[in-house]
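**Q** Using numbering that gives the first Met the number 0, the letters of the sequence shown map in sequence onto residues 0 to 129.
Virtual Cβ for every residue (Gly too), placed ideally from N, Cα, C.
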Amino acid sequence: MSAPKDLRNPLKRARGLGSAQFGVNHWWMQRLTAAGLVFLGIWFMCTVLGMLHADYATARSIIAKPWNAVLLVAFVLTVCWHAVLGLQVVIEDYVHTRWREVALLALVKFIAVLGTLATLMAVLRIALGA
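1. Below 8 Å between beta carbons: does that hold for Met-50 and Ile-61?
2. Would a C-beta distance cut-off of 8 Å place Val-83 and Ala-111 closer than the cut-off?
3. Can you give me the Cβ contacts of Leu-104 inside the same chain, cut-off strictly under 7 Å, excluding the 5 residues immediately before and after it?
4. Report back the beta-carbon spacing between Leu-119 and Val-72 to the nearest angstrom; my notes put them in contact at under 8 Å.
5. Using a Cβ-Cβ cut-off of 7 Å (strictly less than) and excluding sequence neighbours within five positions of Arg-59, which residues of its own chain qualify?
6. Alpha carbon to alpha carbon, how far is Leu-76 from Lys-64?
7. Look up Asp-54 in the DSSP assignment and say whether it is helix, strand or coil.
8. In whole angstroms, what is the alpha-carbon distance linking Gly-22 and Arg-97?
9. Helix or strand or just coil, what does DSSP make of Gly-128?
10. May I have the straight-line CA-CA distance separating His-95 from Asp-54, to the nearest angstrom?
11. Give the range of the alpha helix (DSSP H) segment to which His-81 is assigned.
12. Looking at C-alpha atoms only, which residue of Leu-36, Val-122, Leu-113 is the closest neighbour of Trp-66?
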């Protein structure tokens with residue numbers, strides 16, 4: 000006798016309950032952004048500590064270097080994406096009113112996009128010499 004391929008309870012199969020087939024992707028993205036933040040965070044801390052007693056012109060010239068600008072953009076994108084993924088999990092787990100959950104998820108994504116765009120615009124202005 001062969002083993003069944005579907006291990007769900009027959010009642011769950013009849014109701015269509017089970018995996019939504021997207022949780023693993025979310026979990027992997029959280030882990031990948033966390034791993035990226037380890038390296039980018041070390042670079043960011045070294046850069047910030049290196050500019051600790053620098054004047055404005057020196058700090059601006061350090062950020063304007065191409066590699067530093069690219070890494071700063073990658074850091075900002077990774078931080079915001081990781082934050083959105085983490086807050087989404089918290090909101091989905093602990094907010095039980097559907098309209099509040101949707102409103103909070105939209106607010107978190109809006110604030111993340113707004114903050115990311117503002118930061119990217121500032122870095123690009125410095126990097127491009129505007």
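**A** Quick answer:
1. Here residue 50 corresponds to residue number 51 of the sequence shown, with the count starting at 1. Here residue 61 corresponds to residue number 62 of the sequence shown, with the count starting at 1. In this structure, Ile-61 lies closer than 8 Å to Met-50 by Cβ.
2. Along the sequence shown, read from residue 1 onward, the residue named residue 83 stands at position 84. Along the sequence shown, read from residue 1 onward, the residue named residue 111 stands at position 112. Result yes, Cβ atoms of Val-83 and Ala-111 sit closer than 8 Å.
3. Numbered from its first residue, the sequence shown carries residue 104 at position 105. Correct list, in chain order: Gln-87, Ile-90.
4. Counting from 1 along the sequence shown, the entry for residue 119 is found at position 120. Counting from 1 along the sequence shown, the entry for residue 72 is found at position 73. With 8 Å as the limit, Leu-119 and Val-72 qualify as a contact, their Cβ atoms being about 6 Å apart.
5. The count along the sequence shown starts at 1 and reaches residue 59 at position 60. Same-chain partners within the cutoff: Ile-125.
6. The residue given as residue 76 occupies position 77 in the sequence shown. The residue given as residue 64 occupies position 65 in the sequence shown. Going by the C-alpha atoms only, they are around 18 Å apart.
7. Counting from 1 along the sequence shown, the entry for residue 54 is found at position 55. Reduced to three states, the DSSP call for Asp-54 is coil.
8. Numbered from 1 along the sequence shown, position 23 holds the residue referred to as residue 22. Numbered from 1 along the sequence shown, position 98 holds the residue referred to as residue 97. The straight-line gap from Cα to Cα measures roughly 19 Å.
9. To locate residue 128, count along the sequence shown from 1; it is residue 129. Reduced to three states, the DSSP call for Gly-128 is coil.
10. Counting from 1 along the sequence shown, the entry for residue 95 is found at position 96. Counting from 1 along the sequence shown, the entry for residue 54 is found at position 55. Answer to the nearest angstrom: the Cα atoms are 49 Å apart.
11. By one-based count along the sequence shown, residue 81 stands at place 82. Counted as a single uninterrupted DSSP element, the alpha helix (DSSP H) harbouring His-81 occupies residues 65-93.
12. Taking the sequence shown and counting its residues from 1, one reaches residue 66 at position 67. For Trp-66, the closest of Leu-36, Val-122, Leu-113 by C-alpha to C-alpha distance is Val-122.
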